[in-house]
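6 protein chains.
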Amino acid sequence: MGTVRTAIPGLDELIEGGYIENDIILVTGGPGAGKTTLGIQYLVGGATNFNEPGVLVVMDGTPERIIRDSWRFGWDIEKLISQKKIKIIYANPFKYTKFTKTPEDRTPCVIVASKNIADTLRQIQIEVEEIQAKRLFIDSITSLKLAVDRTDVRQIVSELIKNLEYLDCTTLMTSEMHSAQSFSIEEYLSSGVIRLHIFRAGGCRLRAIEILKMRGVKHDESLHPYEIQERGIVVHSTETVMNDKISLFDNMGW
Amino acid sequence: MGTVRTAIPGLDELIEGGYIENDIILVTGGPGAGKTTLGIQYLVGGATNFNEPGVLVVMDGTPERIIRDSWRFGWDIEKLISQKKIKIIYANPFKYTKFTKTPEDRTPCVIVASKNIADTLRQIQIEVEEIQAKRLFIDSITSLKLAVDRTDVRQIVSELIKNLEYLDCTTLMTSEMHSAQSFSIEEYLSSGVIRLHIFRAGGCRLRAIEILKMRGVKHDESLHPYEIQERGIVVHSTETVMNDKISLFDNMGW
Amino acid sequence: MGTVRTAIPGLDELIEGGYIENDIILVTGGPGAGKTTLGIQYLVGGATNFNEPGVLVVMDGTPERIIRDSWRFGWDIEKLISQKKIKIIYANPFKYTKFTKTPEDRTPCVIVASKNIADTLRQIQIEVEEIQAKRLFIDSITSLKLAVDRTDVRQIVSELIKNLEYLDCTTLMTSEMHSAQSFSIEEYLSSGVIRLHIFRAGGCRLRAIEILKMRGVKHDESLHPYEIQERGIVVHSTETVMNDKISLFDNMGW
Amino acid sequence: MGTVRTAIPGLDELIEGGYIENDIILVTGGPGAGKTTLGIQYLVGGATNFNEPGVLVVMDGTPERIIRDSWRFGWDIEKLISQKKIKIIYANPFKYTKFTKTPEDRTPCVIVASKNIADTLRQIQIEVEEIQAKRLFIDSITSLKLAVDRTDVRQIVSELIKNLEYLDCTTLMTSEMHSAQSFSIEEYLSSGVIRLHIFRAGGCRLRAIEILKMRGVKHDESLHPYEIQERGIVVHSTETVMNDKISLFDNMGW
Amino acid sequence: MGTVRTAIPGLDELIEGGYIENDIILVTGGPGAGKTTLGIQYLVGGATNFNEPGVLVVMDGTPERIIRDSWRFGWDIEKLISQKKIKIIYANPFKYTKFTKTPEDRTPCVIVASKNIADTLRQIQIEVEEIQAKRLFIDSITSLKLAVDRTDVRQIVSELIKNLEYLDCTTLMTSEMHSAQSFSIEEYLSSGVIRLHIFRAGGCRLRAIEILKMRGVKHDESLHPYEIQERGIVVHSTETVMNDKISLFDNMGW
Amino acid sequence: MGTVRTAIPGLDELIEGGYIENDIILVTGGPGAGKTTLGIQYLVGGATNFNEPGVLVVMDGTPERIIRDSWRFGWDIEKLISQKKIKIIYANPFKYTKFTKTPEDRTPCVIVASKNIADTLRQIQIEVEEIQAKRLFIDSITSLKLAVDRTDVRQIVSELIKNLEYLDCTTLMTSEMHSAQSFSIEEYLSSGVIRLHIFRAGGCRLRAIEILKMRGVKHDESLHPYEIQERGIVVHSTETVMNDKISLFDNMGW
């Protein structure tokens, strides 16, 4: 089975070289942890360094916002779009529809109007085929869960994940982590789960990454510091975070 | 993308110069933390120092009360209203309607009678256009959430936030924080979240501010002390609060 | 805006001289903390020392009981009633109606038979006008909340508070505090909240008062000891309770 | 107002001489704390030492069982029944009705067959008048709460307590305490609450009593050890239990 | 009133010689604590040493399984059955009915097919009369609670216990303890409750028994170690477990 | 009764030589603990070393995935299938059905299309008979519980376990452990429960196994370290994990 490079310096080493081809990996953490950044870096790195086109499914915010936030790291997503290395699907269930203002300078993307997950899946299949994408990034599962009735959440999330398993893409998905202790169906159904923590140590925050699970891979089991630097996320795989250093509370609280 | 000055001394430094134009920032904290003060200071400072008109949406208390509480800091909101630099929308879902007593010396404001969020949004659009406002402050989301059925909260809050994203205003909103650990939809959907904590240290309280998230900004990640002084809130950005100093309990309790 | 003296020695100093006229202040604490005593002292002190008549709304227990418990402090409420300085409204939703026994020596008071909050509000307005009351004390909001369906609590409490805001009275209300951490709608909607704690220190109890919030006032933020003495409650405003002294548990438990 | 002696050595001193006449006092604690014993001792002591007849309402277990368990302390309840100093009402909502076996040697008592609280109240009134009882002991409120629908608990308990307030009896009631932190309507509506704790200190248990509230009384506020001795409960009112001695967990757990 | 020997070495001493005749005693603890063993030992010991026949009601697992697990201690239940000293009622609500395979070597027992508790009670009465049983052991109440609708649990458990009170048998019942802090109706309605704990001390487990309540008995109140030895359970009544030795978590977790 | 070797070095010693024939053993733990590995090793070891054929029921993931993940340990499941020593039933309730893509190189297995547990049970019976299997491994109960309505979980899980008790197979089942403290019906109904913990010690993870219960067996009661090595799981039965070494939080969190 092939390996797909993470495009995050220091992360490949923790998972025996990369994600397993066609797997579904969940990236979870609190607000500001860097989940979206890790996924965009995965797509941009894949397109730029490994010639692997990718599809971005925006369920949180807007394509324009993500593109703008990516300039900070020197990533020119619009150029990659013009080179047909990245395609964007705008499937935010909370997208604005009331006032008929069309944003100027709209990023080229495909808009999925319906809230039905089957329509989004169909569009994903279309876009993946169109640019022969090998990478897929969905940001984020939490938006999807918030937009549907509580009683439907399980069924819709499992339908999404099960269908994604049959794409010829290696998928990253993000999900907001409320509490390290709660059970979420997306963590259960994913092949791999990466957690991004923000701990408090002294008066500052300390970011730490851990591989919670990665099926079929003898993955690293420690907490490693990571940083959001000028060119994106960097994991310090040779350093470890000792748990007597960190405050009991994650960035979810004190 | 432009930056909007916070008008809080010491706060701009924590978020690379100011809020991102047209973003929606949530200010959250317990009772007495200074959420309303931070928002009023944002509007008054914007009107007075940066020539940026602003709209105030009162969902908690009354316009008269807010104006009176602002005299303490030397802010003359009624004068700014007469100069068309501030407009007030009174949209408190709990406003008094029973006894037909009209308060004397009523502050000029627009009253939104209905509880329908669409009406409030429409009025916001009207007032923003009238004075060409660049700043918007909504106090507070919590009142809105308390006034509707629990099952409608998510939908109404997300409708509000999503519509605000398309205004040409940079919006601050306040929300009461019950517990640092709970998930709230307004925290999730906002671009930025600022938390105002009141910790107990020894026998006194210690106020501390932190930037929980600020999308697209390399924001400060520490706890900094702030004070409510004579001219408003001041953040001591060069000092940090160490978490071994503070009591485990936030001002929510002991 | 005028200030209304608390009539509690040591308390005025903590809130810049007194309550703000026409505000609604919530006094909260566990059983035996002294909530009712603080409110009766407010009324009796106001009538006796400041010539400010007051109305007492009894929602917990009976007028006879409150009068009898007040003798302990040397307060003669029946005399103040005869002097038209205090009026009592008996609006206990749990009042006895089954057996047709009329208590002898009944204290002169107005009985509100219905459980409808509008009737109680109407009666309050009547009594306030009759003696030109400037002070109002409602004991307690908790009885009201227990007497109605859970689903109606929010609406009824907010209706009560919102209507009281338009009276020309400064209102104190009591409420039972189960846990320092829970959110209550009356705390949220009141202008001020005073908490009466009973901590355990060593083998004895230690009473401490704190001003949780007081809108528009630069209030004290520490824990101060208070005592229930022979003439009523006394706050030791120059002393502070350090939180390493006190047991983690409030009088709610251990 | 008169005082009613508790008949528990050491307890009167903690509450200024005794219970206030006609008050309703709740005795709460975990299993084995001695709640029933404290109530029986109150009745037997009242009948034997103070010539105050009493009525016992058995809602938990059977009259036979209570009488048998009282022999241990040398209390001959059946003799007091024959002397018309004690009357028993058997109102256990869980009483056995299926198999038609009548227990031999049945203790003389009045059986309330219905589960309707009004019938029990009526019977109480009858028995109280018959022997001119001044004391009433109901064991226990918890049985009553378990026997009715959850949604009716509040209404039924408050109906019971409110009707009891109009009897010419001083009433003790027992209630099982699950957690020192939970709110119970019977604690709220009673005039006084006495808590019987069983703490763990070292490898043994340590019993401690505290007066949580006693309206109108300047009651003791410490934890005092008590014992179940040969002649009943004895409170060591001159000793105090320091809370650094005791394990954090009450007898509810570890 | 007579005393029934527990048949557990060391246990009689903790409860003044034995169980009170005709009482209902609950034995509670986590998985592997030895609840079933304590009950079987009670029956086998009663039959073998005190000539008191007993009835075993199997609601958890099968009679064959219990007999097989008892060989380990040298107890030959099938021989006691042939001697009419023990009878077995197989009333497991989860018993297998689908595939028509009849287990060979089936232990002689009476099968209660229905799930109706009245049928089980009737059968208990029949079997008790047939061998003039003085002892009854029901394993376990938890199975019964799991097999019925949540809303019926209280009513069914109380019906069971209340009917058992009128048998001429001393009954032991087992129940699974999830948490030492939760309230269970079977603990409340039983005359006695024995808790079997498994604590963690260092890297090993430590078993400890405590008598939580035993009505009418001046029972021991400490934690004592017990062991499951070759001939059954042995309680070390002269030793005590100090609670600074044991880990905070019971065998329910860490 | 016979004993079935676990095929895990070091584990037999903890349970007196092996699982009891025809028992149902639950293996529980968090993500990445090694539950599936332990079960596959059980089947492969049984087939390879003890000539005991086994049936694998895949309810989580796909047969292809499990086979691929097993290569890592040198287990050739497809060869064992061709030798009729292992059979696979693919009964994943979440299996993909939407897009009509048939995976190439499909592993020979029997697909149970329906979600009805009776169909799966029937198929298990068929496959067990076909190869005269003595071992059965179901991975995992959690998938089954997630796929059905919450209200049906108890009934379906108990139906499954109860039917399995009558097979001539010794069954291992896996289940995801959310919290060491919660009650699960599969833990309750299984004869044995093995827990795989991942603790944090310092900056690394420490895997530890414990036998929570094993009916009829005098099982080890300590925490022992285990590792996932090159040839599968190895338990270090002569070493113990002391609980002052480990962090309070299991791998469920911090």
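Residue numbers (our numbering), protein chains in the order written: chain L, 1 to 254; chain C, 255 to 508; chain P, 509 to 762; chain S, 763 to 1016; chain E, 1017 to 1270; chain B, 1271 to 1524. Heads up, the beta-carbon is just placed ideally off N, CA and C, and yes, glycines get one too.
{"Check": "Members of the region 109-140 of chain L near chain C, C-beta cut-off 8 Å", "Outcome": "none"}
{"Check": "Beta carbon of Ile274(C) nearer than 8 Å to that of Val447(C)", "Outcome": "no"}
{"Check": "Helix, strand or coil at Gln41(L) according to DSSP, with G and I counted as helix", "Outcome": "helix"}
{"Check": "Touch test, the region 165-176 of chain L against the region 121-135 of chain L, Cβ-Cβ under 8 Å, three pairs minimum", "Outcome": "yes"}
{"Check": "Contact under 8 Å by Cβ, Ser175(L) with Ile141(L)", "Outcome": "yes"}
{"Check": "Within 7 Å of chain E by C-beta, residues of the region 913-938 of chain S in sequence order", "Outcome": "Glu938"}
{"Check": "Nearest candidate by alpha-carbon position, reference Asn346(C), set Gly283(C), Cys363(C) and Gln337(C)", "Outcome": "Cys363(C)"}
{"Check": "Beta carbon proximity, Arg1485(B) to chain E, threshold 8 Å", "Outcome": "yes"}
{"Check": "Any chain P beta carbon closer than 8 Å to Glu989(S)", "Outcome": "no"}
{"Check": "Min CB distance Ile829(S) to chain P below 8 Å", "Outcome": "no"}
{"Check": "For Ile15(L), three-class secondary structure by DSSP", "Outcome": "helix"}
{"Check": "CB contact flag (Asp323(C), Arg614(P), <8 Å)", "Outcome": "no"}
{"Check": "Per-residue burial, Asp220(L) [other beta carbons within 10 Å of its own, 16 or more giving buried]", "Outcome": "buried"}
{"Check": "Beta carbon proximity, Phe607(P) to chain S, threshold 8 Å", "Outcome": "Low per-residue confidence applies at Phe607(P): pLDDT is 39, beneath 50, and the placement is therefore not dependable, though the value from the model is reported in the following sentence. Phe607(P) counts as touching chain S."}
{"Check": "Asp149(L) beta carbon less than 8 Å from that of Asp258(L)", "Outcome": "Outside the displayed range of chain L (1 to 254) lies residue 258(L), so it cannot be described from this structure."}
{"Check": "Beta-bridge partners of Thr933(S), as assigned by DSSP", "Outcome": "Ile786(S) and Leu898(S)"}
{"Check": "Validate contact between the region 1501-1511 of chain B and the region 1299-1319 of chain B using beta carbons, cut 8 Å, 3 pairs", "Outcome": "yes"}
{"Check": "Lys341(C) versus Val309(C) - alpha carbon distance", "Outcome": "5 Å"}
{"Check": "Distance, Asp1422(B) Cα to Trp1091(E) Cα", "Outcome": "39 Å"}
{"Check": "Span of the alpha helix (DSSP H) around Tyr1458(B)", "Outcome": "Ile1455 to Leu1459"}
{"Check": "Cβ separation of Leu842(S) and Ala809(S), assumed to be a contact under 8 Å, to the nearest whole Å", "Outcome": "5 Å"}
{"Check": "Ile185(L) at chain B interface by Cβ criterion, 8 Å", "Outcome": "yes"}
{"Check": "Residues of its chain near Ile625(P), where Cβ-Cβ distance is below 7 Å and the 5 sequence neighbours each way are ignored", "Outcome": "Ile664, Glu667 and Leu668"}
{"Check": "Reduced DSSP category for Arg408(C) - H, G, I as helix; E, B as strand; rest coil", "Outcome": "helix"}
{"Check": "For Glu1397(B) and Leu1416(B), the rounded distance between their alpha carbons", "Outcome": "25 Å"}
{"Check": "Proximal chain P residues relative to Gly286(C), where beta-carbon distance stays under 9 Å", "Outcome": "Val701, Ile719, Leu720, Lys721, Met722, Arg723, His727 and Glu729"}
{"Check": "Close beta carbons around Ser730(P), own chain, < 6 Å, minus the five adjacent residues each side", "Outcome": "Thr748"}
{"Check": "Chain-order list of residues whose beta-carbon lies under 6 Å from that of Ile1041(E) (same chain, five-residue window excluded)", "Outcome": "Tyr1035, Leu1188 and Gly1208"}
{"Check": "Nearest-angstrom Cβ-Cβ length linking Ala7(L) and Ile198(L), presumed shorter than 8 Å", "Outcome": "About 22 Å; that fails the 8 Å criterion."}
{"Check": "Whole-angstrom distance between Tyr344(C) and Val366(C), CA atom to CA atom", "Outcome": "6 Å"}
{"Check": "Tyr852(S) at chain F interface by Cβ criterion, 8 Å", "Outcome": "The structure shown contains no chain F; its protein chains are L, C, P, S, E and B."}
{"Check": "Cutoff 8 Å: Leu654(P) Cβ touching any chain S Cβ", "Outcome": "yes"}
{"Check": "Beta-carbon neighbours of Tyr1204(E), restricted to chain S and to distances below 9 Å", "Outcome": "Pro793, Asp822, Thr904, Ser905, Leu908 and Glu938"}
{"Check": "Pick from Met685(P), Arg715(P) and Ala716(P) that is closest to Gly538(P), judged by C-alpha positions", "Outcome": "Met685(P)"}
{"Check": "Where Thr238(L) falls, given that 16 or more other Cβ within 10 Å makes a residue buried", "Outcome": "exposed"}
{"Check": "Through-space distance from Arg1151(E) to Val1043(E), alpha-carbon basis", "Outcome": "15 Å"}
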